[in-house]
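Asker:
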Amino acid sequence: MLNWNDLEKTCAECKNCPLYAGRTNPVFGVGDKNARVMFVGEGPGEREDALGEPFVGRAGQLLDSMLASIGLERAEVYIANIVKCRPPQNRDPLAEEQNACIGYLENQIRLVSPDIIVCLGRIAAMKMIREDFKISREHGTWFERNGIRTIALYHPAALLRDPRKLPETFEDLRKIEIALEELAQ
Ligand code: URA
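For the sequence shown, numbering that gives the first Met the number 0 begins at 0 and goes up steadily by one.
1) Which of the three DSSP states, helix, strand or coil, is assigned to L71?
2) For the candidate residues N80, L165 and R160, whose alpha-carbon lies nearest to that of M127?
3) I69 and R173 - do their beta-carbons sit closer together than 8 Å?
4) Considering only C-alpha positions, which residue in the set M65, N15 and N106 is nearest to P162?
5) How is Y153 classed by DSSP in three states: helix, strand or coil?
6) Note the first and the last residue of the continuous alpha helix (DSSP H) segment covering Y19.
7) Looking at the ligand URA, does it come within less than 7 Å of N80, judged from the CB to the closest heavy atom?
8) Between E45 and V55, how many whole angstroms is the CB-CB distance? I'm expecting something under 8 Å.
9) Whole angstroms is fine: what's the gap from N4's alpha carbon to V29's?
10) Roughly how far, in whole angstroms, is the beta-carbon of I171 from the beta-carbon of I150, given that I think they are within contact range, below 8 Å?
11) Per the DSSP calculation, Y77 is bridged to which residue(s)?
12) Could you give the DSSP three-state label for L62: helix, strand or coil?
13) Here's the rule: buried if 16 or more other CB atoms are within 10 angstroms of the residue's CB, otherwise exposed. What is Q107?
14) Pull the bridge partners of I147 from the DSSP assignment, please.
15) How about N24 and G42: are their beta carbons less than 8 Å apart?
16) Taking 8 Å as the cut-off, decide whether the C-beta atoms of P155 and L62 are in contact.
17) Count the other CB atoms within 10 Å of the CB of R73; is the residue buried (16 or more) or exposed (fewer)?
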């Protein structure tokens with residue numbers, strides 16, 4: 000099922016895992032469907048669940064600043080999450096919830112066909128890059144995933160909790176900016 004309308008409609012009606020029961024809105028994804036860069040978070044929080052849009056809370060404001068630091072706006076990237084429905088009390092999504100939902104993201108990646116995927120945080124990196132991914136050691140390192148350059152950054156919520164991680168995150172963002180400059184040549 001590879002068109003945006005069908006995918007979004009199926010997601011809106013999805014009951015593939017128990018998270019559907021607690022959602023106000025599924026948070027499908029937003030942005031440029033032809034984006035060169037795709038950002039992948041973990042799952043919706045309270046505000047995202049209320050509005051149906053990813054990264055609109057405090058972490059989202061920081062994400063916007065992170066994007067701005069490399070000359071990008073939210074509207075020119077695509078932003079989605081590993082799970083589309085909010086886990087209760089913002090707990091990490093369980094493996095079975097991630098597995099039930101990942102097909103939506105895989106289809107979104109096929110449709111956007113980005114040059115670069117940026118995993119936001121440990122949970123996204125463990126799902127997208129390697130099960131035993133260590134965010135503190137491997138953030139800012141390039142990997143290849145199905146032919147797409149893939150990198151992980153600290154999650155914006157982790158950066159809000161520990162701003163000492165900000166300088167290295169801005170260095171990681173610069174790597175993305177350089178890769179985009181190379182791709183544009
Ligand atoms: N954290 C995430 O991982 N995703 C969101 O959409 C919001 C906060």
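C-beta: ideal position from N, C-alpha, C; glycine also.
Answerer: Well, looking at it:
1) Within the sequence shown, the letter at position 72 stands for residue 71. Correct three-state label for L71: coil.
2) Here residue 127 refers to the residue found at position 128 of the sequence shown. Nearest of N80, L165 and R160 to M127, Cα basis: N80.
3) Stepping through the sequence shown from its first residue, residue 173 is reached at position 174. Stepping through the sequence shown from its first residue, residue 69 is reached at position 70. Yes, they are a contact pair.
4) Position 163 of the sequence shown, counted from the first residue, corresponds to residue 162. Of the candidates M65, N15 and N106, the one whose C-alpha sits nearest the C-alpha of P162 is M65.
5) As a working mapping, residue 153 is identified with position 154 in the sequence shown. Coil.
6) To locate residue 19, count along the sequence shown from 1; it is residue 20. Unbroken run through Y19: none, as it is neither H nor E.
7) As a position in the sequence shown, residue 80 is number 81, starting the count at 1. Within the cutoff, so yes.
8) Taking the sequence shown and counting its residues from 1, the one referred to as residue 45 is at position 46. Taking the sequence shown and counting its residues from 1, the one referred to as residue 55 is at position 56. In fact, because the Cβ distance is near 10 Å, the residues do not count as touching under 8 Å.
9) The residue labelled residue 4 in the question sits at position 5 within the sequence shown. The residue labelled residue 29 in the question sits at position 30 within the sequence shown. Distance between the alpha carbons of N4 and V29 is about 13 Å.
10) Against the sequence shown, residue 171 aligns to sequence position 172. Against the sequence shown, residue 150 aligns to sequence position 151. What sits at residue 171 in the sequence shown is Asp, not Ile. Right, their Cβ atoms sit about 7 Å apart.
11) Stepping through the sequence shown from its first residue, residue 77 is reached at position 78. Beta-bridge pairing links Y77 to G30 and M37.
12) The sequence position of residue 62 within the sequence shown is 63, counting from 1. Three-state result, L62: helix.
13) If you number the sequence shown from 1, residue 107 lands on position 108. Label assigned to Q107: buried.
14) Residue 147 sits at position 148 when you count from the first residue of the sequence shown. Per DSSP, R144.
15) As a first step, residue 24 is located in the sequence shown; it is residue number 25 there, counting from the start. As a first step, residue 42 is located in the sequence shown; it is residue number 43 there, counting from the start. No, the pair does not count as a contact, with Cβ atoms beyond the cut-off.
16) For the purposes of this step, residue 155 is taken as residue 156 along the sequence shown, with counting starting at 1. For the purposes of this step, residue 62 is taken as residue 63 along the sequence shown, with counting starting at 1. For P155 and L62, yes; Cβs fall inside 8 Å.
17) One-based indexing of the sequence shown puts residue 73 at position 74. Under this definition R73 is a buried residue.
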